[in-house]
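If you want this note's numbering, it's the 1-based position in the sequence shown plus 7. Just so you know, even glycine gets a beta-carbon here, dropped at the ideal spot from N, CA and C. Data first, discussion second: the structure below is written as structure tokens.
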Amino acid sequence: MGIKKVVRPMNKAKNAFVKWLKDNNADNIDGLKDQPSDNEWDYYMVISGFINNNLYSVSFMVWQGKESIQYSDEENQYDKMSIDEFMQLVN
């Protein structure tokens, strides 16, 4: 079964982050094969990578239909971001 319609926008945001990491020559991109730890999450994925020895990490979450993104790098941390807010950050 494919990704539920409700989580497609979150999956697109995750794919945009992976592309951003690759476009910025990130090393050691991790989390691409992760799966949710339990079946209660609609969607849960953590992606991280290093760019010039700086760690960038993002948690993409959908819980009971509610979307939330947590972003952190060496200098910033943002919690409970919307998909639109996150996309502005990586574009």
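Check whether the Cβ atoms of residue i and residue j lie closer than 8 Å to each other.
| i | j | result |
| --- | --- | --- |
| ASP34 | PHE67 | no |
| VAL65 | MET17 | no |
| ILE76 | ILE54 | no |
| TYR63 | ASP80 | yes |
Can you have a look at residue i and say buried or exposed, based on whether 16 or more other CB atoms are within 10 angstroms of its CB?
| i | result |
| --- | --- |
| VAL13 | exposed |
| PHE93 | buried |
| GLU74 | buried |
| LYS21 | buried |
| LEU39 | exposed |
Kindly indicate the opening and closing residues of the alpha helix (DSSP H) around residue i.
| i | result |
| --- | --- |
| VAL22 | It is Asn, not Val, that sits at residue 22 in the sequence shown. Segment 15 to 30, the alpha helix (DSSP H) holding ASN22. |
| LEU96 | 90 to 97 |
#### Entry: Those runs of the beta strand (DSSP E) which lie wholly inside the stretch 42 to 84 and span at least 3 residues
For secondary structure counted as the beta strand (DSSP E) over 3 or more consecutive residues, the stretch 42 to 84 holds these complete runs in sequence order: 50 to 58, 61 to 70, 73 to 79.
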